[in-house]
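The block underneath contains the structure these notes are about, expressed in structure tokens.
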Amino acid sequence: MPFYRAVGELPRKRHIVFRSPEGGIYAEELMGEEGFSSDSSLLYHRFLPTAIVKSEPAIDPLTEAEFTPNLPLAPRHFRTTELKTGGDLVGGRGLLAANNDVRLSFAAADRPSELYRNSVGDETVYVQSGTVRFESTYGVIQAGEGDYVNVPTGTIHRWVPDGHVTALVIEATGHIRPPKRYLSQYGQFLEHAPYCERDLRGPTGPLVIDGPEAEAATPVLVRTRGGLTRMTFAHHPFDVVGWDGYLYPYAFNIGDFEPIVKKTHAPPPVHQTFEGPNFVICSFCPRPLDFHDDAVPIPYNHHNVDSDEFMYYVAGNYAARKGSGIDIGSISLHPAGFTHGPQPGAVEAALGAERTTETAVMIDTFRPLDIGPAGRECEDSGYAWTWAR
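Okay, so the sequence shown: first residue is 1 according to UniProt numbering, each after it adds one.
This is the structure in structure tokens:
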């Protein structure tokens, strides 16, 4: 993260004796990226974070999932509202599309997840509807509709929904961060950035489990590049009394994104919100439309020769896609090798419009996306031909 945060109890200096009220010494844990050469946080545990009593292989249905190339090449439309509901925000993920850099899943959860640690890469979870309590070794974040929740690699956490929650899950094979062009060389958000530090919500206090649960052996599901392991810790890992640093989970609401407007239609990079390894995440938000007298206030036909475009439509009215079948909960996949744009008649209908109400989350990948089982299950097979109607 680009700015420092301190939560809970901390000693005056790093790596010095820090005693509990009972006289014991808290155990330090440094969570750091890139081998001590990038952002990190220092956490203080009541128990040893290294103390495990069991490690067993866990069944991983996602490794058995069959992915198919987008062949024959075609634009795709996935209707997430047709996918089954239930499960949790970890085990209930339905894989829509993936490549070697990122996995994109949909979840409609109604129960808490088990404790989970993704040691492959960062995750960004976009909450489309409902509210959920994100609990981790860093503390609690309350998240709701429109929130991106960014979870650093290796963070032990669980998701506790309040009722029913729908979400898009973005799993990277590296780190997801704000775009470099938004930051100074020292990590501060610059004035031209479409959001800033005040818009980011991190944990505000420790989450310390007390009583018998704290002393009990506790299983944690751990994902590595080799698959899933269920690792049992000697004590509950939610025992951190304080931490400080630049690496921690945080939430950012899409409603706090500040759209950039031009006289004529601006390309998607103005909507970029985060970047990951070989992909970007963009936020399309309600905004004034282009204000040149003769502007065409919807996207022009475009062909991104180096990327696939994966667009999740989450709220509002999609005038440019009228007649295509796209609606709230839809996901379109427009691959490299295909020119796409507004539906027939949309340009004429948009002339003179002053505002757009649509909200969407877009992931552009710089390697082709393969189609996952959930994508095949909810695909609208007629979508590719809607421009020819």
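We treat Cβ as the ideally placed atom computed from N, Cα and C, and that holds for glycine.
Could you give the uninterrupted runs of the beta strand (DSSP E) lying entirely in the region 41-65, keeping only those of 3 residues or more?
-> 52-57
Are Asn150 and Ile170 touching if we call contact CB-CB under 7 Å?
-> no
With 16 as the cutoff for other CB atoms within 10 Å, does Ile16 come out buried or exposed?
-> exposed
Where DSSP assigns a beta bridge to Phe274, which residues make up the other side?
-> Ile281
Would you list the residues sitting across from Phe3 in a DSSP beta bridge?
-> Note: Phe3 sits in no beta bridge, so no partner.
Since residue 415 contacts Asp308 with CB under 8 Å, what's their CB separation in whole angstroms?
-> The structure shown does not extend to residue 415, since the chain spans only 1 to 389, so no value can be given for it.
Starting from Gly375 and walking both ways along the beta strand (DSSP E), at which residues does that stretch end?
-> Note, Gly375: premise wrong, no beta strand (DSSP E); alpha helix (DSSP H) at Pro373 to Glu377.
6 Å CB neighbourhood of Val240 in its chain, flanking five on each side removed | Leu43, His45, Thr137 and Pro206
Glu191: buried (16+ other C-beta within 10 angstroms of its C-beta) or exposed?
-> exposed
Measure the beta-carbon distance from Ser113 to Gly91 and round it to whole angstroms, keeping in mind my assumption that it falls under 8 Å.
-> 7 Å
Is it the case that the Cβ atoms of Leu221 and Tyr116 are separated by a distance below 7 Å?
-> yes
In three-state terms, what does DSSP make of Thr386?
-> helix
Does DSSP put Pro72 in a helix, a strand or coil?
-> coil
Please classify Asn118: is it buried, with 16 or more other beta-carbons within 10 angstroms of its beta-carbon, or exposed?
-> buried
Given residue 415 as reference, the closest of Gly345, Thr339 and Ile363 once Cα atoms are compared = Shown here, the chain extends from 1 to 389; a query on residue 415 therefore has no answer.
Proximity below 7 Å, CB of Glu275 to CB of Pro368 | no
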